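What follows is one structure encoded as structure tokens, with my remarks underneath.
Protein chains: 2
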Amino acid sequence: LKAELLQKTGSFKPRGVLNRLQLLTPEERERGVITFSAGNHAQAVAWAASAAGIRATVVMPAQAPEGKVAAAQGYGAEVILHEHFVDYVLRLRDERGLTLVHPFDDPGIIAGAGTVGLEVLADLPDLATLVVGIGGGGLISGMAVAVRTQRPAVRIIGVEPLGANAMFRSLAVGHPVRLDTLNTIADGLAPPYAGEHTYAIVRELVDEVLVIPDEEILEGMRFLFERCKLVAEPAGAAATGALLAGRVRAADGPLVAVVSGGNIDVARMKSLL
Amino acid sequence: LKAELLQKTGSFKPRGVLNRLQLLTPEERERGVITFSAGNHAQAVAWAASAAGIRATVVMPAQAPEGKVAAAQGYGAEVILHEHFVDYVLRLRDERGLTLVHPFDDPGIIAGAGTVGLEVLADLPDLATLVVGIGGGGLISGMAVAVRTQRPAVRIIGVEPLGANAMFRSLAVGHPVRLDTLNTIADGLAPPYAGEHTYAIVRELVDEVLVIPDEEILEGMRFLFERCKLVAEPAGAAATGALLAGRVRAADGPLVAVVSGGNIDVARMKSLL
């Protein structure tokens, strides 16, 4: 298990964001960045921008949980709540001359997430199988590029929730699709569309995308809790859940599942498990 | 935080047990070992003995939770449930010619637990303060010996539950005492007496033993869960809880609190938090 939930801000997200911020021009740094997110990406941008001395505006949905709003504010970001938060962020970006730090569909973000793959190979040079949850696809895209470049034969498997299977459907129809409805406990894996960049990389480099029901994600959470002492959020437990359910056809040799995030409070964990 | 809950069997306990097993004579190895424990030590003996190819008998209280019995059996130990389990284990030891692997009051067990201290110093050569929960006192004794030998000036603080403060009371009266009643959620810190060896070491090498109420242990569990993504059992969260409550007078410089174990199932965590 690659325990990315132990990263600063509780998920792998700061990797991509820190890399993206390093790619800003001096003028862009000066003006600041903006992003939209209801979850881990918001915390990551707020924290990383603050660490880099860059002003960050984070637009969150109007119904965002108070705890997540407070966390982003605590890291020093300006948080704006808005009903149509994605549209609003684009308008604000243009009005204020900010640079958008996209949650996943950006080569800089993808490359930063790929450092998880480099670390896995450093730990396990003979890696045979890699299992990664798919939301927008940034993590699996970055890891697939990093791992395939060095070890072309590694089997790479993505895992999506049945109720938020944008990548699976995109692969089926041959282009990135947008979902009309989302229905999963794994909010971290539930953007309403597959990215252009991430779709192209997944199509080329990922061997298989599995789709699993929420019950299997819950089994993954329970296993990580009781056997591994790790508090995974639903998105973070999808890869483990797919393994436990016997869905993963693994290659001979070491297998790694990424536990991508652990941002869940006690109350939500109690209501889910 | 030194995350000992991530060790095999979910606590620091295998360190002492593996060391103790290495000290057995060939004849003792051949005949096998016995122990008594309702908790983490039972799993550790069952696992370590199995790994070392030694037969293990584990005597547990008659009301031991099914899950813990099954875990010890799963690791390959013979589990016997008995009402007066400590007395019974001594009788069985003599009848069968087995060697007792004590949960804490044994120099071999203490020395093995001390390896936690060596690792802390390897990570933080300028360690200034160490905070460790006290049950029987094996962990803090081993760590204190290991750390004091190399860094005499480190401040070492023990933490006991208010309802199971055998070490605190022993220090107050000047000899190891036995408690008539135990009343704490931290079952892992609640043996009914302080050990002879551990008492002597704590008296000599530990700067202060703090006593904290269960509410502060719960705050430690909640913090470790939500902020550190770690599932600590109550015993494992005592040192963190004491820190959060502001009870620890720390020396200038790096501080380490040990998260000693994480063996708690979802149902118990839900009922506690």
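Chains as they are written, first to last, in the numbering used here: chain A, 311 to 583; chain B, 311 to 583.
Ideal placement from N, C-alpha and C gives every residue a C-beta, glycine not left out.
From a predicted model like this one, the values you see are computed outputs, not experimental measurements.
- A:R330: which of A:T409, A:L540, A:L583 sits nearest, CA to CA? A:T409
- Chain-ordered chain A contacts of B:F535 [CB-CB under 7 Å]: V541, V576
- Query: What residues are listed by DSSP as bridge partners for A:R465?
  - Reply: A:T439
- Query: DSSP state of A:Y503, grouped into three classes?
  - Reply: strand
- Message: Pull the bridge partners of A:P471 from the DSSP assignment, please.
- Response: A:I522
- Could you name each continuous beta strand (DSSP E) segment of 3 residues or more that falls completely within the segment 358-390 of chain B, going from the start of the chain to the end? 366-371
- Query: Checking contacts by CB at 9 Å: is B:G349 closer than that to chain A?
  - Reply: no
- Query: From the beta carbon of A:R532, is the nearest beta carbon of chain B less than 9 Å away?
  - Reply: yes
- A:H485 classed as buried or exposed, judged by whether at least 16 other C-beta atoms fall within 10 angstroms: exposed
- Message: Here's a check: name, in chain order, each residue in its chain whose Cβ is nearer than 6 Å to the Cβ of B:R458, leaving out the five neighbours to either side.
- Response: L515
- Under 7 Å Cβ to Cβ from A:D562, same chain only, skipping five residues before and after it: list those, please. A438
- Task: Starting from the beta carbon of A:G572, find every residue of chain B whose beta carbon is closer than 7 Å, and list them in chain order.
- Result: K539
- Message: What does the alpha-carbon distance come out to for the pair A:Y509 and A:A313?
- Response: 25 Å
- Query: Do B:L315 and B:V541 come within 9 Å of each other at the CB atom, strictly closer than that value?
  - Reply: yes
- Task: Starting from the Cα of B:G448, find the closest Cα among B:R578, B:G320, B:N573, B:V327 and give me that residue.
- Result: B:V327
- Query: Just by C-beta distance, which residues in the segment 313-337 of chain A are closer than 9 Å to chain B?
  - Reply: A313, L315, L316, G320
- Task: Tell me B:I344's beta-bridge partners as DSSP assigns them.
- Result: B:T367, B:L410
- Query: Is there at least one Cβ from chain C nearer than 9 Å to B:K378's Cβ?
  - Reply: Judged by its chain identifiers, the structure shown contains no chain C, and its protein chains are A and B.
- Item | Partners in chain B for A:L528, counting only beta-carbon separations shorter than 7 Å | Those within 7 Å of A:L528 in chain B number zero; the least Cβ separation is about 10 Å.
- Query: Does the distance from the C-beta atom of A:V568 to that of A:V441 stay below 9 Å?
  - Reply: yes
- Would you identify the three-state DSSP class for B:K312, choosing helix, strand or coil? strand
- Contact list for B:L583 against chain A, beta-carbon separation under 8 Å: V576, K580
- Item | C-beta atoms of A:E536 and B:V576 nearer than 9 Å | yes
- Top-ranked residue by Cα proximity to A:A504, from A:L481, A:T494, A:T491: A:L481
- Under the rule that 16 or more other beta-carbon atoms within 10 Å means buried, what is B:R559, buried or exposed? exposed
- Item | Touching by the beta-carbon criterion (3+ pairs, under 8 Å), the segment 492-503 of chain A and the segment 469-477 of chain A | yes
- Excluding the 5 residues preceding and the 5 following B:R346 in the sequence, name in chain order all residues of the same chain whose CB lies nearer than 6 Å to its CB. According to the sequence displayed, residue 346 of chain B carries Phe and not Arg. The residues are V369, F395, V396, V399.
- Message: Just to confirm my understanding: we take B:N573, look at its own chain, exclude 5 residues before and 5 after, and list those with CB closer than 6 Å. What are they?
- Response: G320, N350, E543
- Message: Give me the residue from B:R488, B:G443, B:R479 with the minimum Cα distance to B:I527.
- Response: B:G443
- Message: Please report the distance separating the alpha-carbon of B:Y385 from that of A:T367.
- Response: 52 Å
- Segment limits, alpha helix (DSSP H) that includes A:V576: 576-582
- Query: Count the other CB atoms within 10 Å of the CB of B:K539; is the residue buried (16 or more) or exposed (fewer)?
  - Reply: buried
- Task: Check whether the Cβ atoms of B:T425 and B:G445 sit closer than 9 Å, and answer yes or no.
- Result: no
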